[in-house]
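Going by the UniProt record's numbering, the sequence shown opens with residue 1, and the numbers climb by one from there. Below you'll find the structure, written out as structure tokens, and then a few comments.
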Amino acid sequence: MFSKFRAFCRKKDVVLSLRRYGIDALGAMAQGLFCSLLIGTIIKTAGQQLNLQLLVDIGTFAGDMSGAAMAIAIGYALKAPPLVLFSLAAVGYTSNAVGGAGGPLAVLFIAILSAEAGKLVSKETKIDLLVTPLVTIFLGCALSMWWAPAIGQAASYVGNLINWATELQPFWMGIAVSVLVGIALTLPISSAAICHTLGLAGLAGGAAVAGCCAQMVGFAVMSFRENKWGGLVSQGIGTSMLQMGNIVKNPRIWIPAILTSAITGPLATCVFGFQMNGDPVAAGMGTCGFVGQIGVYTGWVREMEGGVRTAITGWDWLGMLLICFILPGVICWLLGLLLRKIGWIKEGDLTLH
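Pasting the structure below:
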């Protein structure tokens with residue numbers, strides 16, 4: 001009986017896999033966030049600065065659909081058939097809304113379960129048009145009302161703990177958050193989704209931005225002799241994940257970027273008081289499309305609107321420039337030269353293929 005069920009699951013492409021759920025689904029969820037909440041925030045902020053209510057409204061509507069966008073993106077990554085994919089909009093909206101501050105984590109778990117359940121029943125009856133959406137939506141929304149509050153509270157608690165610990169110990173937590181989030185950005189998982197799920201903000205969010213920039217700008221500058229301008233752009237405002245294949249071949253090439261993040265992280269928290277008070281998803285984006293920097297700026301705008309700050313100062317802009325661009329490039333390049341000199345990095349080790 002079990003073997004028959006397992007064979008049926010394989011036929012339906014429902015296979016338990018860490019890569020599928022922990023990498024593919026998580027990465028797709030980040031894209032859903034980017035195409036709804038993050039873009040919506042950018043449009044809304046532009047509207048507020050330009051005093052254009054139309055842009056404010058568009059940005060608000062886009063942000064409101066983040067739960068649905070995340071769930072649909074997850075379903076797409078799991079190769080859900082059309083009826084399942086479309087039904088996930090209701091599931092994502094519900095789980096994100098009920099999950100509160102930790103809603104994205106609830107969306108991840110519940111959308112995966114709903115999508116896989118929908119795939120199992122898809123095209124198995126003559127009334128598929130009724131059965132598949134019914135199973136997907138009912139299961140997803142029921143689980144949302146049952147599990148999402150607890151999942152959301154757990155994610156929110158962990159995020160608040162990290163934020164609190166960073167305020168309490170900005171030096172050591174600045175190193176830890178910067179290094180770990182930076183590593184997550186280069187690995188084939190989503191640092192943006194992790195930051196948004198945990199709600200990293202304030203100094204912790206600033207350290208996360210520093211770590212991501214250290215990886216992206218660091219690899220872009222360090223590998224310039226191999227990859228020239230194309231590599232500088234593709235890694236510097238694209239993703240350092242492009243180096244993952246080279247890291248597998250020679251893990252030592254990762255040392256300069258990791259050490260750079262361990263330096264810029266505490267500089268961000270202790271010296272510049274660099275904070276991310278925009279949407280947490282931007283904390284895990286680094287210099288990708290300059291989303292991290294836009295997120296920091298939107299945080300400054302929110303603080304001005306809330307009366308927390310009176311102006312955006314030159315010190316703020318200097319901190320962003322140094323933490324996000326200058327220091328990662330200079331430090332990682334120097335460390336890279338050292339490792340080239342001692343033979344740990346050889347010619348061609350950083351070439352993008």
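Beta carbons: idealized from backbone N, C-alpha and C, even for Gly.
Check, Outcome
"Buried or exposed by the 16-neighbour rule on C-beta atoms within 10 Å, applied to residue 28", "buried"
"Selection from 69, 67 and 43 that minimises the alpha carbon distance to residue 58", "43"
"Of the residues 298, 178 and 282, the one placed nearest residue 266, counting alpha carbons only", "178"
"Delimiting residues of the alpha helix (DSSP H) encompassing residue 196", "191–198"
"9 Å Cβ cutoff, residue 214 in contact with chain C", "Chain labels in this structure do not include chain C; a single protein chain is all it has."
"Cut-off 6 Å between Cβ atoms - residues of its own chain near residue 68, not counting five sequence neighbours on either side", "89, 92 and 93"
"Residue 202 - partner residues in DSSP beta bridges", "276"
"Residue 312 - DSSP class collapsed to helix/strand/coil", "coil"
"Burial state of residue 326 (16 or more Cβ within 10 Å)", "exposed"
"C-beta contact flag for residue 101 and residue 152 at 9 Å", "yes"
"Backbone CA spacing between residue 79 and residue 25 [nearest angstrom]", "10 Å"
"Whole-Å CB distance - residue 128 paired with residue 83, under 8 Å assumed", "7 Å"
"Close beta carbons around residue 261, own chain, < 7 Å, minus the five adjacent residues each side", "178, 179, 182, 210, 211, 214 and 215"
"Buried or exposed by the 16-neighbour rule on C-beta atoms within 10 Å, applied to residue 277", "buried"
"Distance between residue 193 and residue 168 (C-alpha atoms, nearest Å)", "25 Å"
"Contact under 9 Å by Cβ, residue 103 with residue 97", "yes"
"In chain order, each alpha helix (DSSP H) run of at least 4 residues that lies wholly inside the region 28–89", "39–50, 53–64 and 66–77"
"Residue of 204, 63 and 130 minimising C-alpha distance to residue 160", "204"
"Host alpha helix (DSSP H) of residue 254 (start-end)", "Note, residue 254: premise wrong, no alpha helix (DSSP H); not H, not E."
"Inter-residue Cα distance where the pair is residue 172 and residue 206", "14 Å"
"Among 282, 226, 236 and 316, nearest to residue 273 - alpha-carbon criterion", "316"
"Rounded straight-line distance, which links the Cα of residue 186 to that of residue 253", "12 Å"
"Cβ-based burial, residue 196 [other Cβ within 10 Å; buried from 16]", "buried"
"Cβ pair residue 163, residue 200 closer than 9 Å", "yes"
"Outcome for residue 283 when other beta-carbon atoms lying within 10 angstroms are tallied against a minimum of 16", "buried"
"As assigned by DSSP and simplified to three states, the class of residue 349", "coil"
"Residue 145 classed as buried or exposed, judged by whether at least 16 other C-beta atoms fall within 10 angstroms", "exposed"
"Within the region 100–156, ranges of the alpha helix (DSSP H) (whole runs, at least 4 residues)", "103–121"
"Expected contact under 8 Å - CB spacing of residue 121 and residue 135 to nearest Å", "5 Å"
"Residue 285 beta carbon less than 9 Å from that of residue 38", "yes"
"Three-state secondary structure (DSSP) of residue 239", "coil"
"9 Å Cβ cutoff met for residue 256 and residue 324", "no"
"Three-state secondary structure assigned by DSSP to residue 1", "coil"
"Segment contact flag, the region 226–239 with the region 295–314, C-beta cutoff 8 Å, min 3 pairs", "no"
"Three-way DSSP call (helix, strand, coil) for residue 342 in this model", "coil"
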